[in-house]
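Using my numbering, you'd call the opening residue of the sequence shown number -11 and step up by one each time. Ideal placement from N, C-alpha and C gives every residue a C-beta, glycine not left out. All values derive from a computational prediction rather than experimental measurement. The structure appears right after this line, and notes come after that.
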Amino acid sequence: MADERPIVGRDAELAELSRLAASPDGRALLLRGEAGVGKSVLLDAAAAHATALGHRVVRAAGVEAETQLPFAGLHQLLYPLLPGAAGLDRVTRAAFDTVFGRTTGEAPSVMALGIAVLDLLALASGDVPLLVVVDDAHWFDPQSAEVGRFIARRLSAHAVRMAIGVREDIPSAWDAAGLPELAVPPLEAAAAATLLDTHAPHLPEAVRRQVLEQAQGNPLALLELPRALDEGTTRGAEPGELPLSRRLEHLYGDRIKTLAPGERAELLRAALDGVGTGASPSPADRARYRMSEVDGALAAGLLTPDTAGGGRAGLVFRHPLVRSALLQSATPNERRAAHTELARLHRADIERHAAHLAAATVDPDEAVAVVLERAARSATARGGAASAVALLTRAAELSPGAAERSRRLGDAAYVAAQSALLDQAQELREASDRLVGTHQSPTAVITSAYAALYQDGDVRSAHRRVAAALESLPADTSEEIRTRLFNLLLAISLFSADPDLWSVTDTLVDIAATEPSTLLYRDAFGDVARRGAGARERVQDAFARLGEEQPWDVMRLGVAAYYLDALGDHRPLVRRVADREAGSGAVTNAMTLLQLVMLDQINSGAWEAAEHTGKRGLELTAAHGYALFEHQYHGFLGLIAAWRGDTERATAALNRLDRWARPRGVGHLTQLAEAIGAATHLTAGDFEGAYAYASGLTAPGAFTPCSQQAVRTLLDLVESAVHTGRADQARAHALAARDQGLPAISPHLDFLTAAALAMTADDTADDTGARAAFERAVAHPAGVEFPFELARVRLAQGMWLRRARERAAARTVFEEAVETFERLGAQPWARRARAELRAAGAAVGRAAESGADTLTAQERQIAELAASGLSNKEIGARLFLSPRTVGAHLYRVFPKLGISSRASLRDALAQAGHSIEGG
């Protein structure tokens, strides 16, 4: 961009951008202002300053035509850096290949993709600092914006700076990014006058005043209005009645009208295909439309040579408003012709091909509608469910027959509901029903039941409506609609935990369900104690056959896997899809998937991470008004608080849950509240109170039908019964677990049953039974996957050994229990184990608190792994953290331990009495 004259009136903004470019630390800055205010000029200046410092600059610009194309913006941004990806590991490279359509496979989550981008940026900035410039970021597609926000908040550990420009009048994902902002206001009066006089020094005074008044300090207007006046292009217009950006679009439009028809068509094709502006071109490996024979547009100042294309010949638009003017001035026929040519160009890219094909088609066309359906499925598999709704809606518009049109609108409503767009789902459902002349279609039932369940927790009426719809379903109903109704009925029944409602559900499933997944979900979601045998293997088989990754399929299989204790086998997939969908994908499914991630973290002992996931889930559910899931998250957080001894938080969660769920009949959540009560009292040593809660969930010696908590609180009931002298009830419950067949359901339930049998073995007459039972329980392979439960079993084993006067063996077991409880932050349990350890003859004094005692559970875990010799990357892989997060934790650990390097970790931890893994 040729003008070398100084930038007028922007000293403060230029100084801030210079500080950004020269900053010793990585950081991001968001420039916000109205159209034409000079954000692009400032970004150009920042890029020039970084280049002068010897830094590398990569640029991208959002394009309105690509806002519905998942990852289009990210691809544009990373394209210059992708050749360097050969220096990254295979998994990271595969993430880029998948989202950019080079290979097929499971799309990575936002977090996994964000970490991959950070790794690529770190590699690119290894030799020289890097400045990333993103102009018109408000036009980034939602998926790219989510990843952009993720990386922009995590640059501090790298020599990477990021400058992002957005329009203040266009809402975008960047608004909630929490980044430092630089407001770019209109120029002050003196600066505006200087700019005008510099570029148009010969204006008559009356005209000069008119331009200053109309421009209102907008630099682009100050430059363009004098030219428009000279050309006479404002005659007959009333610009005062239009927003400034619209006035400028009209000015460009008048120049466009002077071009030859063929030249206008060239520009229109480029505008519709997202050709860039200024120094932010589109990447070359995407088959963009390349303009030719556009000398007139160059002379009119509508185009400029591509100065940042790495030596590639080409042209870009001078300003985004040129694109807007082209789109506004084109006739419908001209736009359709352009889209037809672009659809041909993008035939190999299903989503881009479909978008242009749909825009080029006027009359109903079944072939085009089919292509749009395929594109929608591709979009949902890549985390673009919101885009899929638009594709399916357009497919419906182009469907020749009412039945197909109604079906596709119903599909769009279904995807919208999965994306937490319930209002839009309702509108689409109503349109679908009008086409077939009904108000109670299956789609209507599904949409209204979703709202009743997720927003209001109304399980009774939702169950009644869905069950009635299934009973009256015509024989020729598609299998897909039938399966959706069954899946929804099963979810409602799960939350009801009501044997009577489950009886209705079971009958309907037995009569009408043919899909294997429906039968699997019935057995896993419902009476797992009686139907769960063999279901775990069926879940594993279903995951193996998953194929194209639709988020709702992953979610339902994940829930089934959790209740069958198989979730750990599919942890990476569940976490990846949860992160991927939480932004602009199937958000409703993301809410449940994040719950699964949290529950898996609780089970595996990553309680700090579980609390973080729970808070993230709370924010997501509250933002969308999903009260059911919001209360569920409160319950899971309350369970962690209970095991850690935070009685106040645990009791508050219990009360919140019970007050909301009990009147609505959401038995699944009232039972979760009772489980929190049992955990709270067990942790406090109030075994009588714990028994009251645990026996309320299920009577000793039996398992309440259709209750997930009845099975999961097996240890709570047995332990509280043992400690309150109810040996017979405790033993009866342990034997009932064995006789009910719980060990056959999952290795976890086999471990819990073995533990319950050990805790209730009669050690008065023959100690060999109890000894062997405890040894079998603590040696069970599943125990290590559930460290808190294993530590509780060890505590019980140590108490038995101490009573048997095997004090040395007891001390060893107690020490293992203490270490686990302390690592988890379960301090009341650790204190109890330490008391038992003292009773077994160990010297466990309360020394003054050391630096190691001030570490959080996660800091302590990371420090121990680092001391054992693991790298940050290896620690991150084990704890599901990024290497950068591991490094940040270690930097906080060093001063707490009074050390300054990693080499001192082992000695510092050993002095504090901490074991070192692998040491």
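Take residue i and list the residues in its own chain whose beta-carbon comes closer than 6 angstroms to its own, dropping the five residues that flank it on each side.
i, result
"residue 230", "Legend: pLDDT at residue 230 = 45, less than 50; position of this residue unreliable, value from coordinates given subsequently. Closer than 6 angstroms at the Cβ level, and outside the excluded window around residue 230, lies no residue."
"residue 377", "400, 403 and 404"
"residue 279", "254, 258 and 303"
"residue 881", "847 and 851"
"residue 328", "348"
"residue 543", "577, 580 and 581"
"residue 137", "165"
"residue 62", "132 and 135"
"residue 75", "111"
"residue 552", "512, 523, 524, 527 and 734"
"residue 775", "593 and 808"
"residue 68", "46"
With the cut-off set at 8 angstroms, would you say residue i and residue j are in Cβ contact?
i, j, result
"residue 478", "residue 442", "no"
"residue 633", "residue 849", "no"
"residue 794", "residue 747", "no"
"residue 681", "residue 698", "no"
"residue 908", "residue 59", "The question about residue 908 has no answer, for the chain in this structure spans -11 to 907."
"residue 688", "residue 721", "yes"
"residue 260", "residue 523", "no"
"residue 562", "residue 569", "no"
"residue 485", "residue 656", "yes"
"residue 463", "residue 473", "no"
"residue 9", "residue 38", "yes"
"residue 615", "residue 445", "yes"
"residue 19", "residue 30", "yes"
"residue 416", "residue 397", "yes"
Run the CB neighbour count on residue i, radius 10 Å, all protein chains shown included, and call it buried at 16 or more, exposed below.
i, result
"residue 103", "buried"
"residue 895", "exposed"
"residue 910", "Because the chain is modelled from -11 through 907, residue 910 falls outside the range shown and cannot be assessed."
"residue 406", "buried"
"residue 428", "exposed"
"residue 834", "For residue 834, the predicted structure reports a pLDDT of 45, less than 50, and the residue's modelled location is therefore unreliable. The matter cannot be settled from this model."
"residue 364", "buried"
"residue -3", "buried"
"residue 467", "exposed"
"residue 189", "exposed"
"residue 66", "buried"
"residue 421", "buried"
"residue 780", "buried"
"residue 810", "buried"
"residue 201", "exposed"
"residue 193", "exposed"
"residue 607", "exposed"
"residue 335", "exposed"
"residue 859", "exposed"
"residue 41", "exposed"
"residue 26", "buried"
"residue 804", "buried"
Looking only at its chain, what residues have a beta carbon closer than 8 angstroms to the beta carbon of residue i, apart from the 5 residues adjacent to it on each side?
i, result
"residue 610", "618"
"residue 740", "702, 703, 725, 730 and 777"
"residue 362", "338 and 342"
In terms of DSSP beta bridges, what is residue i paired with?
i, result
"residue 19", "153 and 170"
"residue 293", "303"
"residue 403", "Paired residues: none, contrary to the question."
"residue 123", "49"
"residue 148", "118"
Answer yes or no: the CB of residue i versus the heavy atoms of the ligand NAP, is any distance below 7 angstroms?
i, result
"residue 422", "Ligands in the displayed structure: none, and consequently the ligand NAP is not present."
Only counting the same chain, and skipping five residues up and downstream in sequence, which positions put a Cβ closer than 7 angstroms to that of residue i?
i, result
"residue 750", "757"
"residue 492", "455"
"residue 240", "290, 309, 310 and 313"
With a floor of 3 residues, list each beta strand (DSSP E) that falls wholly inside the segment 26 to 70, ordered by position along the chain. 44 to 49
Report the start-end ranges of each beta strand (DSSP E) in the segment 555 to 602 that is 3 residues or longer and not cut off at the edges. none
What are the complete alpha helix (DSSP H) segments, minimum 4 residues, inside the segment 80 to 118? 98 to 112
Contained alpha helix (DSSP H) runs [length at least 4] in the segment 438 to 466, N- to C-terminal order: 447 to 459
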